[in-house]
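K.L.:
Numbered by our numbering, the letters in the sequence shown go through residues 2 to 320 in order. Built from N, CA and C at the ideal position, the CB exists for glycine as well. First, the structure itself, so that you have it in front of you.
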Amino acid sequence: MTLLAWAVAWLLDYWFGDPPHWPHPVRWIGNLITVTQRIIRQFCKSDRALKIGGGVLWLVVVGATWGVSWGVLYLANLLHPWLGWLVEVWMIYTVLAARCLSDAALDVYRALKHGTLAESREKLSWIVGRDTSQLERPQITRAVVETVAENSVDGVIAPLFFLLLGGAPLAMAYKAVNTLDSMVGYKTEKYRAIGYVSARLDDLANYFPARLSWLLLTIAAFCLRANPRQALRIGWRDRYQHSSPNCAWSEATVAGALGIRLGGPNTYFGERVEKPWMGDEQRGVAIDDITRTIQLMMLASLLALLLFAAMRVLVLGIA
2 MTLLAWAVAW LLDYWFGDPP HWPHPVRWIG NLITVTQRII RQFCKSDRAL KIGGGVLWLV
62 VVGATWGVSW GVLYLANLLH PWLGWLVEVW MIYTVLAARC LSDAALDVYR ALKHGTLAES
122 REKLSWIVGR DTSQLERPQI TRAVVETVAE NSVDGVIAPL FFLLLGGAPL AMAYKAVNTL
182 DSMVGYKTEK YRAIGYVSAR LDDLANYFPA RLSWLLLTIA AFCLRANPRQ ALRIGWRDRY
242 QHSSPNCAWS EATVAGALGI RLGGPNTYFG ERVEKPWMGD EQRGVAIDDI TRTIQLMMLA
302 SLLALLLFAA MRVLVLGIA
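Structure follows, in structure tokens:
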């Protein structure tokens, strides 16, 4: 029944994604982060105090997310096993973000194909933290490819990894870890101190999933007739060409699979951030690289599901 719940949740995400008007735990987690951060900033003024407060923020948000998820699932199972199963499916479905990521990327893709540059910049701004106001079409395309490649880890592979380790509650707790990093884990003046713990622990949580993405995306490149040899080679060669210890694993692998160059300097919240390049520029980035990257991400997510399901059967002997 557990593996059936995984498969149903994955299919629900593939078919429906995240309907904008449906209730979603990540929005609730985001609200909790906003409120808790506001309270902490009232009492913590120095950088040292904000770092400690950031640790408290992490414990409150991640602990509450795991505890509530475990409690809701436990109560649902007490009422009826099928209700518990449905709640488990719903929780897993909400932590997966492949379709949501794909839809957001395709919005930019369609704007680049048929819309204006201003529309492309606006739609890109919805999915990246960098300043998009001055970007040209190749830069916008590269930003979308990077976003899809990077988020193939924290959007699908990592939630499935923690699902294997600790079931739906731990997958939900991982989503809280990732949401904290996306909201406060920036190296800007405003967030550098309070987001320090969230950024470091997000790096730790994604350590193994990021490295798995190198192999999964390479296999996906082979299946989709991209360039798996380059994906494997450049994914390994440029794996540390990023300020994050994890992001370059997937981004460099996709760059190698497509034969393009990703990365480079960007502007975040008015501050220029220098980033190294990943990949070899065998050709210029093309708009259709967005759809190719989505295909790589989707197939890698399916491979992750199959891998972790097989591990559960082989290691635990249960399905």
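Can you check which of these residues, D203, H81 and L12, is closest to I93 by C-alpha distance?
P.N.:
The shortest C-alpha separation from I93 is found at L12.
K.L.:
Looking only at its own chain, which residues have a Cβ that is under 6 Å from the Cβ of L80, when we skip the five neighbours before and after it?
P.N.:
Closer than 6 Å at Cβ, skipping near neighbours: no residue.
K.L.:
Out of A169, L113 and I30, point me to the one whose CA is closest to V61's CA.
P.N.:
The candidate whose alpha carbon is nearest that of V61 is I30.
K.L.:
DSSP puts L263 in a beta bridge; with which residues?
P.N.:
M279, per the DSSP bridge assignment.
K.L.:
If you compare alpha carbons, which of A206, W86, I158 and T133 is closest to L118?
P.N.:
Selected option, being the one with the closest Cα: T133.
K.L.:
Just the C-alpha distance for R240 and S121, rounded to the nearest angstrom, thanks.
P.N.:
Each residue's alpha carbon lies about 29 Å from the other.
K.L.:
Measuring only the C-alpha atoms, how far is P170 from A65?
P.N.:
Distance between the alpha carbons of P170 and A65 is about 11 Å.
K.L.:
Any contact between the segment 193–201 and the segment 66–80? By contact I mean 3 or more CB pairs, one from each, below 8 Å.
P.N.:
The segment 193–201 is not in contact with the segment 66–80.
K.L.:
Give the secondary structure of R138 by DSSP, where H, G and I count as helix, E and B as strand, and everything else as coil.
P.N.:
R138 falls in the helix class under three-state DSSP.
K.L.:
On the CB-based measure, 16 or more other CB atoms within 10 Å of its CB, does G72 come out buried or exposed?
P.N.:
Result: exposed.
K.L.:
Span of the alpha helix (DSSP H) holding Q231?
P.N.:
Q231 -> alpha helix (DSSP H) spans P229 to R238.
K.L.:
Could you pull the start and end residues of the alpha helix (DSSP H) that L317 belongs to?
P.N.:
That residue, L317, is in no alpha helix (DSSP H); it is neither H nor E in DSSP.
K.L.:
In this structure, does DSSP put L225 in helix, strand or coil?
P.N.:
Coil.
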